[in-house]
Every structure is written in C-alpha cells, then in structure tokens.
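Reviewing the structure listed below.
There are 4 protein chains.
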Amino acid sequence: MLSPLAHDVNATDAPLARAALRAHYKAVRSHTEALIASLSAEDLCIQAAPQTSPGKWHLAHTTWFFETVVLRALDPDYVVVDAHYGTLFNSYYHSLGPRHPRPQRGLLTRPDLPAVLRYRQAVDQAMGALMDTHPSANWQQLLWLVTLGLEHEAQHQELLQTDLLFALSHNPLAPCAYPALPTSPAPPCEPGWDDVPGGTYHIGHNGTGFAFDHEGPRHAVVLGNCAIARYPVTNAAFQEFIDDGAYCRPELWSSDGWDAIEQQHWTGPLHWRDSGWAFTLQGLQPLDPQAPVQHVSWHEAQAYARWAGARLPTEAEWEAWQQVHDIHHGHQGVGQAWEWTQSAYSPYPGYRPWAGALGEYNGKFMVGQMVLRGASHATPSWTWRPTYRNYFPPDARWQFSGIRLAQDR
Amino acid sequence: MLSPLAHDVNATDAPLARAALRAHYKAVRSHTEALIASLSAEDLCIQAAPQTSPGKWHLAHTTWFFETVVLRALDPDYVVVDAHYGTLFNSYYHSLGPRHPRPQRGLLTRPDLPAVLRYRQAVDQAMGALMDTHPSANWQQLLWLVTLGLEHEAQHQELLQTDLLFALSHNPLAPCAYPALPTSPAPPCEPGWDDVPGGTYHIGHNGTGFAFDHEGPRHAVVLGNCAIARYPVTNAAFQEFIDDGAYCRPELWSSDGWDAIEQQHWTGPLHWRDSGWAFTLQGLQPLDPQAPVQHVSWHEAQAYARWAGARLPTEAEWEAWQQVHDIHHGHQGVGQAWEWTQSAYSPYPGYRPWAGALGEYNGKFMVGQMVLRGASHATPSWTWRPTYRNYFPPDARWQFSGIRLAQDR
Amino acid sequence: MLSPLAHDVNATDAPLARAALRAHYKAVRSHTEALIASLSAEDLCIQAAPQTSPGKWHLAHTTWFFETVVLRALDPDYVVVDAHYGTLFNSYYHSLGPRHPRPQRGLLTRPDLPAVLRYRQAVDQAMGALMDTHPSANWQQLLWLVTLGLEHEAQHQELLQTDLLFALSHNPLAPCAYPALPTSPAPPCEPGWDDVPGGTYHIGHNGTGFAFDHEGPRHAVVLGNCAIARYPVTNAAFQEFIDDGAYCRPELWSSDGWDAIEQQHWTGPLHWRDSGWAFTLQGLQPLDPQAPVQHVSWHEAQAYARWAGARLPTEAEWEAWQQVHDIHHGHQGVGQAWEWTQSAYSPYPGYRPWAGALGEYNGKFMVGQMVLRGASHATPSWTWRPTYRNYFPPDARWQFSGIRLAQDR
Amino acid sequence: MLSPLAHDVNATDAPLARAALRAHYKAVRSHTEALIASLSAEDLCIQAAPQTSPGKWHLAHTTWFFETVVLRALDPDYVVVDAHYGTLFNSYYHSLGPRHPRPQRGLLTRPDLPAVLRYRQAVDQAMGALMDTHPSANWQQLLWLVTLGLEHEAQHQELLQTDLLFALSHNPLAPCAYPALPTSPAPPCEPGWDDVPGGTYHIGHNGTGFAFDHEGPRHAVVLGNCAIARYPVTNAAFQEFIDDGAYCRPELWSSDGWDAIEQQHWTGPLHWRDSGWAFTLQGLQPLDPQAPVQHVSWHEAQAYARWAGARLPTEAEWEAWQQVHDIHHGHQGVGQAWEWTQSAYSPYPGYRPWAGALGEYNGKFMVGQMVLRGASHATPSWTWRPTYRNYFPPDARWQFSGIRLAQDR
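Chains as they are written, first to last, in this note's numbering: chain R, 14 to 422; chain H, 14 to 422; chain X, 14 to 422; chain Y, 14 to 422.
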C-alpha cells in the first residue's frame, strides 16, 4: 500500500486515480477498525494520563478530522453528524472552536462506542460520495486533503496503540490487547558503524509527493565527519547500562534527566517488569535481548549514549546517513522503534506553517520537544519517508522510542 | 421490605426466618443490578475523582464483601472466584491484605462488566447454598453477617448513584442515567419550628436489631432548649442566599469554607447550572423551588445557617428532635437529602470498634469528618434508623446532602 | 504576674488599677522583645511553611492588634504609624480590610527589623498615654481591650517560638536560638491514674475575669466513669511505641493518620533526630527520657493511645479531671506540653462569637481542628486557665504538643 | 576593565601579568560587594522561588567556587574556612558532593551575613597569597582558573540582581534596592533592518582568550539571506502588542506559551504594573517607551515576532549579523537586555564538556532551554564576547530578557 501522493500518476484525475484514492481510503480506515476489533468498549474508553487519549477518542477524532478538514471545507451542503462532536473531538485547533478539556477525554462514556462507529460509517459514506463526484477541476485539492487525512489517521493508529498499552499497563491483571503472534527471536544486531563523511548535505522534503509542512523547505547543512551505529541499541545492551548502576550515577545524565529519575523513580525503561519481562500489547512477554530497546525517554537515550562513549545523532546527520547509505524502512533496524536525536524540534530555515487551521498541526509545538527519526513497529509502513520528523518531550516514554548512537570521526 | 434483624422473629432459626433472609438477600442484590440496567459498560467503568468509584467497582466490591466476610469466614471449603479480586476490590481494609490504588479504579477495564456480573452470580449462588445449609447452631452469626453485608450493599447503592452522577456531570452532553419519571412538584415546605425542650436525653442505638458499631453505646446527653426547622432548606431559599451575595461575603463562612470558595470557585451547589437548571441522574432538569436543596457542602450549610440567623443542629439535638416529635422517614422532609449537623464525627462514650477487620468499617474515620443525619432519596428506605450516622468531609458536595436549621430557644 | 482581669479589684478605676494595667502591659510587651534579643534580623525574617510566620511578623502583628483594636477604636484622633501596616500585619480579619498573602510573610524584608521595633515603641507610647488619660467612665472597656491584646500577645509569644524552632530546624548547622540553661533531668513521671467519677459536670468559663469567647458559656455535660493518666506520655514511652513498629502498623492509626505517614514520611515526632537527640531552641540536645513527649500530631497521639490500650480524653473529661483533682498549672505535668484531646473543636452550646471583627478571633475556625488542653513550657504562665481551649489541625506537629491518656472505668 | 585572558600578554608570567590578575580579581570581587552595600541582611536572605537564590547565597557560592576550584585544587595545604560550606554553597555539582536543597536556600539565616563577608575576606586573602606565590611553571593553569572564577562571579553578579528584583517585587511597599540615578530617556530605537547575506559562516569561539566550553568549537554553518532588526523591540512597541489583544489570541502563541498564559495568568511582561509603570531595582519607575522591553519569556518573544510578521533570529544568524556589521556591546541596543533566539540550547558539533566537575558547568543543561545572545545592563561589560551563549527555559521571565526580530530575505 502506497500513499496516493507518492505516485505522480495519482496527481492526475484519471479514473484510475479516483479508484486508487478510494481504495487507499478504505484500507486505512479499515485498519483503524481492525486495531480495535479485539477490545471492549471499556478498554477503548479509559485514559491513564492527560497526554494520552482513549481509543474511542482516536476513532472519533480522526473521523472529525475528515468531517472538518475535507467534508465541511469542500462540500457547502454537508451537514455534520452531530453538532457536539465538533467540540468533543477537536484535539487542539484553537481556530476551529472550543475543545473538550484534554484530561477529561476518558470521562466521555457518551457517545458510546457503537455511536462512534456509526459516526465513522456516516463520514466514510460521505467521503466516498465526495471522492466519486468531486469536480475534476478541484481534484488536486481533494487528493491533497484526503491524503493529509489518511496520514493523520496513520499517526493516530500508532498513538492508539501506545495510549492503549499505557492504559492497560495500570491493570495488575496484565491484560492482552492483541493475541500473541508466533515470532522468532530478532536476528542479532551486529555491531559496527556506518561512516558519514563531512560536507554539505541537503536535507528536508523536496516537495514531490506528500509531506507535512515541517519537513521542508529542503536546505543545506554543513556536517563534520561522523559515524552512525549500524543497528539500534538492544535490550541486552540497555540491561548492561542498568547493571552498571546508570540510574544511580548523576554524571551520566542531564540535569533535567536526573530530576526525572528522582521525581518519577525511573529504574529502567517504561513497561519493563522484573527479571527480563515486559508488558506489551500481547500481555507480559519475555524481553528479546536482541530486539531494539523501546520505551525510553530522550534523557535515557542521552545517558546511554554518554555511558557508551558516544552521542545521539542530530537529525541532519540521521538524514544524511540514510542518503549516503541508502537506508530504507526495515534496513538496519529502522522501523522497529523511533530513534531519539540530539536535535530540538525547531523550524527549518524558511519554514512557513500551512495556512489556516492546519497551521496548528505542527507549527505551534516547536519548543520544548526533541526530534525522533525513523518509525516503529506500530507505524504504518506506507507513511515511511526519510524526511519524516516525529517529536515528543524529552521525558516522554510511552511511545515506541529507542536509541541509535552516533560519534564524531 | 424490612431488614431481617429488624424483627425479633427473624433472630430465631425458624424456616420462615431462613426464607425471609434469602428473600431479603435476593431483593437487595437485585436492586443493585436494577440500578445499572440502563447503563453501558463504559458508564460503569469511569471514575471522575479519587474519592469516587466506578459503578462496576461497586458491583464487584459489594460482592467481594460477601465473599470475604461471609463465605470465607463461615465456609472453610469455599474457593474464591478469582484470587486477584481480593486485591482489586478490597476498598480500605488493611487487615485484609493489599489494595489496588484507589485513584486507579477507573482504569480497570478488566475484569470487564460481564465478568463482574458473573462474579456476582457465583457469589449469590454460594450465598444461597450457605443460607440454606448453615447449621442452626450458628444461625445468629450468619444472620448478623448477611444483614451486615446487605446494609453495606445498601450504602453502596447510594454511592453508586452519587458517583455516577458526578462522573456523568463531566460530559457536556448531559446524559441521562435513568429515564425521567413523571413527577409532581414538591409540596411546599411549610415554615415553622419544632421545639425541643432542654433536658437529659438518651441517644444512640439500644442494641436491638442491626446497627453499625458507631451508633452505640446509647448514652445520656444534656441539651438546652432548642428548635428544629420543620422542613429542610429549599432550592428557592438557597437561591435567595446566593442572590444576597453570600458567596462573596467572607463573614458568613468558616475560614476553611472561604478557602474552598477561593480555591474551588464555588458559586452555588454542585450540579447547579444556569438559570434554574441542575444536572441530575435524569439529565438536565429544572430545579423545583420547593424541593430541599442538595449537593451542598458542610461549609455551605453552615454559611447558610449563619446568613439565616440560625445554626446547624448537633446530632444529639437531631436525634432528640425525632424522639420528641416522633419523626419518621418521609415525615417533615426527612429522607430527601442527608442533613449536615454541627457535630464532628467522633466516637460515642464507651465506643468499641467491631473486632477484627470489621473494626476498620467506621472506627478509623473518626477525625476530620462531619456527621449527617436522616437519609436521601437514594438511600434504600429499609435501612432507615433514627440512630443512623452518615459522615463526610466538610467540603464534600457530591453526595445528596442538604440543610435543616436549628436555633437556641 | 497575673492578668489584670483576674482580680476583681482591677475592674475598678482606682489609681492602683491603672498602674497595675500599665505594669502588666509593659511586662508582657517587654517579654516579647526579650524573646528576640539573641536573634538576628535574618533569623526573624524567614518563614518555613505557610502556616508559620516570621518572628518579625509576630512583633509587628501584635503591635498592629493594639493599634487597631485599642488605639483606633478608643482614640478618634489616633494617627496610624504607617498606613501600609494595616494590610501587611492583619493576620486573618476580613472585616478589617485586605491582608498580605500569608505564604509571603517571609518575603517582607521591608519594613526591616529596626523599623518594626520603632513601630512597637510608637504604639507602646500611645498605649501608655491612653492608659493614663482614658476617662474613668470608659475604664471597663479599656481594661478589657488591653487585657485581650495582652492575652493575644501571649499567644504569639508561644507561636513565635514554635515558628522559629520550625524555621531553624531546616538549617543543617542546627543553630541555637537561645543559650542552653543548666537543667536537671525531669523527675520521673509516675505511672498511675486519677479516677473521675461519672455524673453531670459543668464545664466552660463562668464569666468572671477574662476568657476568650469560645471558653463559654458554662454548660452541663454528662460523663461516664473514666480515669486520666497522672502524668503525660514520656519520650521513653513514645520510643517504645516506635520500637514496636508503630509507624508501620496501619491498624493503630486513623485513615487520615496513615495517609499522613505515607505522604509525609513520619517515623517519629517532629524535630527528633537520630539516636536520642532532638532539635530544640537550644540546638541539638539529648532527649530526656522522663520528659513529656512533644511535637506529635493528633494522629500520633491517637495511635499511641490505641497502642497503649487507652484513648485520649475528651475536653470535657479533661476539665472535669482538673475540677475533681484540683489540678493546677505545673501539677502532674500540666504545662509542659499541650495535650491533645479526642474532641473536635466545636462551639459550646449557646456560643456566640464576639461582636464585630473580634468575632473572627476564634469563631471561624470551628471545623477541621482538634482541641488541646493545658499549656506548654512556652505558654506564659499568667494566661493559665482551666477552661483554656487551644486548637490545631490533626496533622500539626510544629507546636509543643503532647499526650495524656484516658480510659473508661 | 578587561578579562585577563583577553590579552595575550597576560598569558605570560610577567610580574605585570600577576599584578594585572590581582587587580582584576580585586575589582571583580569588590564589585560584588558594592552591589550589596545598600541592602540589609534581611534583603539578602530571602528567596522568592526555587530557581532564584538569596543575595547572601550568591556572595557565598562564588567564594566557595574559588575555594573549591582554585584553592583546594592548587594548594594541597589549604584548609577550608568551614567544612559545612561545601554542602551549603555547592550549587549543582554532583561530583563535588552533597548539596543543600535548592528551594531551602532562603532559610539559611546561619551563617549570617557578617559570617559570609568574613568568608569572602578569608578566601580573598588566600587567593591573594596564591596569586603572589604560585610557581611560574603553573601560571597558565592558575590564570585560567582564576579567570574562570571571575567570569563565574560576573554571571552571579547579574543573577544576584535579577533574583533580588524578583524577591523585592513581592513586597507591596515596592522598595528600592538601589537609589535611582539621574537618567535621560533612551534615544529612539530607529526602525530598520541590517541585511545578512546568505552563505557559509563560521561561528563559535576560536580558542583565543577565555571562553566557556559550550562556545566552541568554531564551526561552519550555512545561512540563507536574512535581516536582523537594527534595534530591539521597545516598551512602546510591546505595549501595542498588548493593546492589540495578543494575550487573548492563541493563534500567536506556541502551544506551551498559551498554556503558560492560562496557568500563570500573564497579561504583560513581568514586573510591569498598571498605567505605564514597572517595578525595578530603583523601585517603581515609569516605563521609558523607547527603552528595550525586558522581562519577557521566550514565548512572549516568539508571539511578538509572529504578531509583527517577523521571527526570532537563530543564534547562528545573530552571530553572523555581528560579524557582518561589526556589532559591539552597546552598538544597536546590544547590552541592554538579553535577546531570545529561536535556537534551543544544544551542543555545537564536536563539543566536549570540560573535564571533571567543571564539565557540569554547562554540559548537563543542554535540553529544554533556549539560547539568549548579547548582554543586559546588569552584565559586567568586561565579559562581553560575541560568542557568549546564555540560556534559560522558555517560560523564564525574571531575567533581563528582551527581543530582537529577524526575517527572511
């Protein structure tokens, strides 16, 4: 499955393109529903922390996004399914009106789950009609907006899983969200480094195909010689770091990181339990020593790097590395867990937020967060782009976030 | 429906007594389930504040109480339904082992609602067998423990409703928990006072029939002349208090009460909305001016009394009043909303907590709370006793709590 | 030194009475200044918790009290020393205008200490003139108000010491506020109980001489047989309680008390340090095993009593005990540390707060606090009255507060 | 006055160099004492927020720095003035042992102010002897360490003033720390932009003379065309921003900035009072419309820039601007208030923290903070360097922090 805008052909209003868009739309939306098929209405209602959301809310919010950004924008005759939903399922768009308080999303037992699923059906039906009948002259706009809505939904497919995992982790019964699949142990992550020669690189999105606003403009950076680890840091390696007393050694940590240890009593990655087990969406599972560590904060990534005599890459180095070595999703461990970088989340030179409400999508978060690159096992693979920028606060641990080392050469 | 222990006849192990106990057990337990029949699993899962509990938790906790206090105590062969439930559904009994953290009760999506209902069925079945077959020689003990369990369940039937109302009140859709019944306006609460002549009274439970430990021992108190208002303070009267600027006049309030106003931004009773409406278990409803005010804290009750040139009764005065005037449940507005008294919750002279874990039922809460007397519309009427002592912290407002005035004569 | 109102003779406007009042005024005011003579301006400026106040603030507040309650009330021509002081040094009297925020008292470096001492001098001078020249016809009023101001100052003399001790306790240098006096060990507190026969007693102040409003009206109470411990609980006895694991045994504690242990990490009385030492106003000192324990909360007093198979006395029992056994200040350990009672702080039957602003003195604190009886080593002995009611929240530990046991007989 | 390391000549151990170092040491240390000459011991004792420190603490901490980093490091026979001071006055150096809790610095009435001044004298005497007698062979090391200590002291000279201003701002008397000097209104800040042509620049310190570790290594950056405002944003301009409703318009703010407005109730710069007045170290003063705005957070700087159709410069642009236009301290408003940049505080490529405890000086703060460039009126001018990097969290407002705009060209 590829994003519609990934192919130039799709940018034309050929019948084939309409059909491809509709198929893509259906596939993405169905995948969201597949993610909740094994879960109860209760599982999808709860919220364990203000920065997380209930599964049901993700189901509704992504639907509200299509309703608001596509249907209401393009179809003057469109009538919203329920006037209350505009407030209940608006995440953070001030310019789109009032928003239900974020910490209270877990109290919304009404609309109930069947009502939210009906909401999805109604919007899907309206979207189908729009994709069938929208005038050719405006096809580009529709294509772009639908693609945006699907990229947005893909992001929430991952958040739905991280939030669900976090919520269920508070249950002493250690419940399974999904049945365990037969898996083979991860292949060994071989040690070694990929050299990235110093020089001028061009990073950021070049404008062909879909990208979020903050992925561009493409611009020059000057890098020194560096090397990027061939594989991410594994659970076994991170266990060595713990065993070496790292969580008791302030010299390894940033000042804020040490404060976090003292205040939040961190002693290992989130979701790790005693004796080599971890809580997962498949319930309690033994940690695979060779698998990339995940559920670490930026602080833990930074401290690990210092302990290992290395550092985190900048996002420019990370992107240059993939250019030089032609790294793809899945190659060299990319795509198992997001990789924290040393870069604070900031606008690229010449950055302009999208116009209107969509300008709030990324533009207002460019302070206090750190960039992650790559993707995780919960990221839909069709959204993979080497220029993709993910970002979270430096103490966030409930994402599928891991570590790849860098060093100067 | 009467409490089994209310009749002497029940205290003997006649077949009739066994049948009466079983019938009472079934009626009380069924009433709990009737209270949740119109609600979804989501409605029963959420928790809006640490001092409240989800409906599902109430369903399970009352069941755990029978399992722990009756079945495990009296039947050495009893096997618990699920070993985890001992931790999950223990409310606050340290002597009965560890407890799931109270603020996280709303995160327990597992066991799900059907599992909790199966838990109720299994325990009901075992209780039925026990009531049928328990030896006559131990009948008194069984009778007492079952009665305790049912009184306990009655308390949670009320809490289930107050907690549910509080939880749903956070939903901007103002959902209905229960369909609105056709009601006629409350009859006017006539003004006037009942005189209670000064002298020595004996208050507290005399030991005949069931009572909680803290209702005794019966003991003498000396009272001065006083008068008790014939009817509770109404919504209309409380509105006058508001309209007179009471929430902006520190001289009416205790120091803690004024702090509560400033910190919690109180401007009227909890659940009151604009323009004479209130949120109820039947959704938004117009306030009945003649109905007793409810959802006020002790601080609001005290300030209202001061504003009205009166005071709150002590619990001894309240109980003496009902002796002198032969007040019953339903007479003179008793039983519509709990009535705050001026008395801090303290042990009566000679009080001894029940032995063992049951000593934690009331005995450890005798500091920092104020006594309420009477009952509310959500209190099962068969539990009515003139000696009943309810208690909550002085800033609690989510209960069905109102005001009756007193004054010196 | 006796309180002026303690003698009927003072109530007449004989020249002797004027002289006696002036002498008393001077003695009390000078004692306050003696309490700060060994302390620096810095020592007197800081505030370690919102419920405490800096020494300098106590110096000024007591002066403001005379200025506001006496000088401005009785002398229409009086001009205040500084118009700002009305706000800065008003403690909690809403009816006397705005108040500087209590938690920020420790930030008031201006007025500096010399300015506050000048403020005291100016007010003392005006008070002297008033006491000399006030018309005989109004003598009673003056006598009462001055006496009130001095009783008020006596209370702040004790608070100044408890607040200072608390503030200095945060300094790792363990500084001395006052030089250590040569002391001999406390005489052994003999075990044993004083019987108090059941019956009707009259407690509360009878109106002769000065008393605070809440000490009356005198009223009848019915008591059962009880016994009161002949001496307070000692440091050695409290150490046994600790050694018996009491701080790890929830069954001994009220629910709120156990929460306090878990949240505030109590393991012994406030100011106790390792190995039998305690921080005092004389710096670190060895604990005298025979001396009454102090710096315990109500929760610790209650738990100790339960552990010892006893209970705390009610305030009525405490006052009846002193009537029956003719207990005085200093006899049987009374006057070394305040003694927690089982009684919540509530109005006596028929209580009326003083009129006007003075009604805020006690009347607005009658919820959420527990009564202490007796006095401490920091209480000026001339204020001793058997009807005196002190009160603090149940988790307060920074006062000189101890334990005397009671039991049913 | 110039920093010793600013001249090559000082780097040799000529007698002249020793004399110059001693003179510089004396001048810097004396300046600190001049800053507190008009203040009382009380003024210097208090602490109004955890991130600030009392004046007395700054006096002692800077002295501890010389004692620890110079005297104890270079003189094996040196005996510390007081063994407790190592804990009391260690700011944040984990590798130098335990530290007194930062939020409790304002409770340290002992050592008192005279004792701290004696501490300064004792260390100054030992430093004088060391500078006189240290072997020539180790002169370079001494020179570098003394210079570091003086640069450190200069930073605290500024912090002492910002912290003092913040502390005194809580006093309703609006006290003066320093007498007001006769000033003339600021000259008008002329509008206009300095162009900075795109290209490759080298930024960061080149290693000649003193610099903090984080100012290097010097490295290449690629910049696009941009322009930098010729003068900082003035009070008058910021007032227009306020008058345009900016504090009520979420679209101007970052998400975190808007949260700060809602939670901290910002309505204008810190220390601004009604009607064009501001609280300053000279007490309440009218705002000079032409003077640069100060006491704004990064969030306010960013929102102002967006409102003005501009943006903040990156720190690379700021440094390139001063290279291209040969900007010096005092030219074009530089040196009146620190200037927020768009850059998060991060290590330069190839950055290595100093070895040992000094590695904690900057290296552990490189997350969650934003860079400010330039200097303020409270920054000792001899520390001016174009490569100087200051940093604070994005919501910090108690520093002398202002705004300079940039825009793409």
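All C-beta atoms in this analysis are idealised placements derived from N, C-alpha and C, irrespective of residue type, glycine included.
Reduced DSSP secondary structure (H/G/I, E/B, other) of residue i
{"i": "X:Asp301", "result": "coil"}
{"i": "X:Met383", "result": "strand"}
{"i": "Y:Ser104", "result": "coil"}
{"i": "H:Gly119", "result": "helix"}
{"i": "X:Leu163", "result": "helix"}
{"i": "X:Asp339", "result": "coil"}
{"i": "Y:Ala187", "result": "coil"}
{"i": "H:Arg133", "result": "helix"}
{"i": "R:Asp408", "result": "coil"}
{"i": "R:Glu13", "result": "As shown, chain R starts at 14 and ends at 422. That puts residue 13 of chain R outside it, with no answer to give."}
{"i": "R:Gly346", "result": "helix"}
{"i": "Y:Gly110", "result": "coil"}
{"i": "H:His169", "result": "helix"}
{"i": "H:Asp125", "result": "coil"}
Chain H residues whose Cβ lies nearer than 7 Å to that of residue i
{"i": "X:His107", "result": "Pro263 and Glu264"}
{"i": "X:Val384", "result": "Correct list: empty, because the minimum Cβ distance to chain H is about 10 Å."}
{"i": "R:Gly119", "result": "Ile59"}
{"i": "X:Asp13", "result": "This structure cannot speak to residue 13 of chain X, because chain X is shown only from 14 to 422."}
Residue i: contacting residues in chain X (beta-carbon distance under 7 Å)
{"i": "H:Thr100", "result": "Within 7 Å Cβ-Cβ: nothing; H:Thr100 doesn't reach chain X, min ~16 Å."}
{"i": "H:Val234", "result": "Val235"}
Residues that residue i bridges to, as DSSP identifies them
{"i": "H:Cys239", "result": "H:Val209 and H:Asp421"}
{"i": "R:Gly415", "result": "R:Glu352"}
{"i": "R:Tyr358", "result": "Answer by DSSP bridge pairing: none, since R:Tyr358 is not bridged."}
{"i": "H:Asn403", "result": "H:Leu385"}
Amino acids of chain H, ordered along the chain, whose beta-carbon sits closer than 8 Å to that of residue i
{"i": "R:Pro188", "result": "Thr122 and Arg123"}
Cβ separation of residue i and residue j, assumed to be a contact under 8 Å, to the nearest whole Å
{"i": "Y:Ser359", "j": "R:Ala357", "result": "6 Å"}
{"i": "Y:Thr100", "j": "Y:Pro114", "result": "The pair is not a contact, with the Cβ atoms about 10 Å apart (cut-off 8 Å)."}
{"i": "Y:Phe413", "j": "Y:Trp351", "result": "6 Å"}
{"i": "R:Ser176", "j": "R:Thr65", "result": "Here residue 176 of chain R is Asp; the residue named in the question, Ser, does not match the sequence. Indeed, because the Cβ distance is near 4 Å, the residues count as touching under 8 Å."}
{"i": "X:Gly381", "j": "H:Gly376", "result": "20 Å between Cβ atoms; not a contact."}
{"i": "H:Ala329", "j": "X:Val235", "result": "So it is not a contact: roughly 11 Å between Cβ atoms."}
{"i": "R:Leu181", "j": "R:Pro188", "result": "5 Å"}
Contacts of residue i in chain R (Cβ-Cβ under 7 Å)
{"i": "H:Ala180", "result": "Leu120"}
Per-residue contacts from residue i into chain Y (C-beta, under 7 Å)
{"i": "R:Pro362", "result": "Gly237"}
{"i": "X:Asp56", "result": "Thr122"}
Under 8 Å from the C-beta of residue i: neighbouring residues of chain Y
{"i": "X:Asn184", "result": "Leu120, Leu121, Thr122 and Arg123"}
{"i": "R:Val380", "result": "Ser267, Asp269, Gly270, Trp311, His312, Gln315, Ala357, Met383 and Pro407"}
Q | Within the stretch 23-96 of chain Y, ranges of the beta strand (DSSP E) (whole runs, at least 3 residues) | A | none
Q | Completely contained beta strand (DSSP E) runs for the stretch 211-275 of chain R, where each covers 3 or more residues | A | 212-216, 232-236 and 239-242
**Q.** Continuous alpha helix (DSSP H) assignments of at least 4 residues falling wholly in the stretch 281-336 of chain X
**A.** 311-320
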